[in-house]
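Here the sequence shown is numbered in UniProt numbering, starting from 1 and rising by one per residue.
Step one of this worksheet: look at the structure below.
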Amino acid sequence: MNLIFSPALGGTTLQPVCLAYSNTVEICFTATLPSADYAHLQRDGGKVQCWSDLPTPGRAGNDWGEIDFIEGPPASPGASVSLLRGPGADGQIGQRVLYLPISVDFQLASSKTFHYTYRILYASGDVKWLGAYDENGSITLQPDLEDTRLTMKSQGWRREDSGRLIWDTHGATVENVTIAKLEQQADWTVRAAGLESILDTADGASILFLLPRHKDIVVPSTLALSASQQLKLSIDAQGALIATGTGSLLFTCPSSSGNMHGFMDSILQYSATNCRILGYSSSCVVLASSMDSSPVSVAVIPLTSRLTNGAVKLDWLSLPPSHLPSLENPIILSSKQPEVQHIYENMGDGLQVLVPPTGSTFVLSVFHPVDGKGRRAADAPAISQTNSDSVYRAN
1 MNLIFSPALG GTTLQPVCLA YSNTVEICFT ATLPSADYAH LQRDGGKVQC WSDLPTPGRA
61 GNDWGEIDFI EGPPASPGAS VSLLRGPGAD GQIGQRVLYL PISVDFQLAS SKTFHYTYRI
121 LYASGDVKWL GAYDENGSIT LQPDLEDTRL TMKSQGWRRE DSGRLIWDTH GATVENVTIA
181 KLEQQADWTV RAAGLESILD TADGASILFL LPRHKDIVVP STLALSASQQ LKLSIDAQGA
241 LIATGTGSLL FTCPSSSGNM HGFMDSILQY SATNCRILGY SSSCVVLASS MDSSPVSVAV
301 IPLTSRLTNG AVKLDWLSLP PSHLPSLENP IILSSKQPEV QHIYENMGDG LQVLVPPTGS
361 TFVLSVFHPV DGKGRRAADA PAISQTNSDS VYRAN
């Protein structure tokens with residue numbers, strides 16, 4: 001069996017970690033193996049494990065124990081649509097990648113150096129150790145209170161006890177003030193929202209989600225900027241984050257807000273946006289434009305730069321009754337990258353969406369037969385991307 005691990009055994013990894021926004025950092029081990037070997041492993045009831053003194057819930061610090069590698073998020077029963085960019089998009093054609101994410105709280109950790117080896121545990125109870133004697137690996141986490149990827153450019157920033165940052169115009173009206181800079185713009189994916197809708201670009205945004213590229217075993221958190229109602233944000237070609245208007249700005253990440261729900265609530269309340277939450281998963285949130293009109297623009301936003309694809313359910317029932325989409329007519333889901341169009345005659349209480357690690361955006365529209373009668377989704381023709389309020393066809 002050909003297993004490739006990251007980090008490897010037999011050496012020490014010195015890993016800088018940014019604690020500028022939170023005392024908690026997530027690291028992720030990976031195990032890559034051929035798909036045929038993975039199928040054989042499953043038939044034998046085998047589990048790939050890390051044997052380590054890394055901190056895990058329920059285990060005392062510095063104690064060794066096993067931690068299972070996992071696959072990507074499992075699909076839930078019911079209707080689903082894939083917005084992944086095709087097989088092999090991650091460069092792993094014919095390969096299976098297993099993951100082991102671990103959170104380390106620097107306020108609680110008794111050490112910054114951890115040791116590990118790898119093994120396979122079979123259903124029979126047999127164990128196959130994958131390292132050699134005295135060839136364990138080790139990781140030393142090197143905390144840094146500065147974020148070298150993003151530089152604060154304005155003097156108006158202040159830090160709250162939670163780690164959140166606030167910037168304020170103090171009643172003045174400003175124009176094109178540079179508040180921060182992305183040092184390498186290519187290292188970031190940006191998702192933006194205005195007061196009413198999901199935006200294609202950052203220009204005039206009320207909310208910006210900054211997704212850093214995953215480069216090593218550290219899984220950096222998504223960062224978010226939320227501007228008060230009279231303040232607008234943009235990003236120029238050099239990566240400068242620019243503010244125009246009057247008011248204040250919240251800069252935060254999920255772990256600074258306690259949990260995912262607290263993170264999103266603080267962002268939406270601060271900006272007074274009419275965009276709504278349309279679903280959560282363990283690693284993603286779905287943000288939708290105001291439901292008062294159609295079509296509805298939607299963004300699936302990862303909250304960390306995980307290596308795994310994401311799966312999240314669009315939860316109609318989480319919306320107020322006045323904002324529920326019509327379930328009497330089919331719903332059309334349209335995406336540009338990849339180009340996907342699906343018509344769903346009955347999605348019940350929701351629809352599961354599979355997205356790549358950087359998230360995705362798409363549009364939901366209502367499908368209306370001209371005579372008002374129902375129509376089987378299978379009878380519908382291919383429909384191109386549309387920005388009209390609804391799509392109609394004659395019977």
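Backbone N, C-alpha and C fix where the C-beta goes; we use that ideal spot for every residue, glycine too.
query                                                                                                                        : result
C-beta atoms of residue 140 and residue 41 nearer than 8 Å                                                                   : no
Assigned exposure category for residue 188 - 16 Cβ within 10 Å defines buried                                                : buried
Supposed close pair residue 49, residue 68 - CB separation, criterion 8 Å                                                    : 6 Å
CA-to-CA distance, residue 242 to residue 236, given in whole angstroms                                                      : 8 Å
Own chain partners of residue 35 with C-beta closer than 8 Å, once the 5 adjacent residues on each side are dropped          : 94, 95 and 96
Where residue 96 sits in the DSSP three-state scheme                                                                         : strand
Which of helix, strand or coil DSSP assigns to residue 179                                                                   : strand
Cα-Cα separation between residue 254 and residue 33, rounded to whole angstroms                                              : 32 Å
Extent of the continuous alpha helix (DSSP H) to which residue 260 belongs                                                   : 260 to 271
Residue 170, DSSP secondary structure in three states                                                                        : coil
DSSP state of residue 186 mapped onto helix, strand, coil                                                                    : helix
Where residue 145 falls, given that 16 or more other Cβ within 10 Å makes a residue buried                                   : exposed
Unbroken alpha helix (DSSP H) run spanning residue 40, endpoints                                                             : 35 to 43
Beta-carbon proximity check, residue 25 vs residue 142, cutoff 8 Å                                                           : no
Sub-8 Å separation of residue 314 and residue 359 beta-carbons                                                               : no
Nearest to residue 289 (by Cα), restricted to the options 246, 331, 159 and 364                                              : 364
Check whether residue 311 and residue 271 have beta carbons under 8 Å apart                                                  : no
Three CB pairs or more closer than 8 Å across the segment 182 to 197 and the segment 152 to 160                              : no
Rounded straight-line distance, which links the Cα of residue 264 to that of residue 154                                     : 25 Å
CB contact flag (residue 287, residue 266, <8 Å)                                                                             : no
When 212, 125, 335 and 175 are compared against residue 147, the one with the closest alpha-carbon                           : 212
C-beta contact flag for residue 83 and residue 282 at 8 Å                                                                    : no
Per-residue DSSP class, three states only, for residue 397                                                                   : Residue 397 lies beyond the stretch modelled for the chain, which goes from 1 to 395, so this question has no answer here.
DSSP three-state assignment for residue 66, whether helix, strand or coil                                                    : strand
Cβ neighbours of residue 71 in the same chain (closer than 7 Å, five flanking residues each side left out)                   : 98
Extent of the continuous beta strand (DSSP E) to which residue 213 belongs                                                   : Per DSSP, residue 213 belongs to no beta strand (DSSP E) and is neither H nor E.
Backbone secondary structure at residue 101 - three-state DSSP                                                               : strand
Assigned secondary structure, residue 1 (DSSP; H/G/I helix, E/B strand, else coil)                                           : coil
Residues of its chain near residue 297, where Cβ-Cβ distance is below 6 Å and the 5 sequence neighbours each way are ignored : 197, 198, 289 and 363
C-beta contact flag for residue 137 and residue 10 at 8 Å                                                                    : yes
Boundaries (first-last residue) of the beta strand (DSSP E) holding residue 49                                               : 47 to 52
Span separating the alpha-carbon of residue 43 from that of residue 285                                                      : 34 Å
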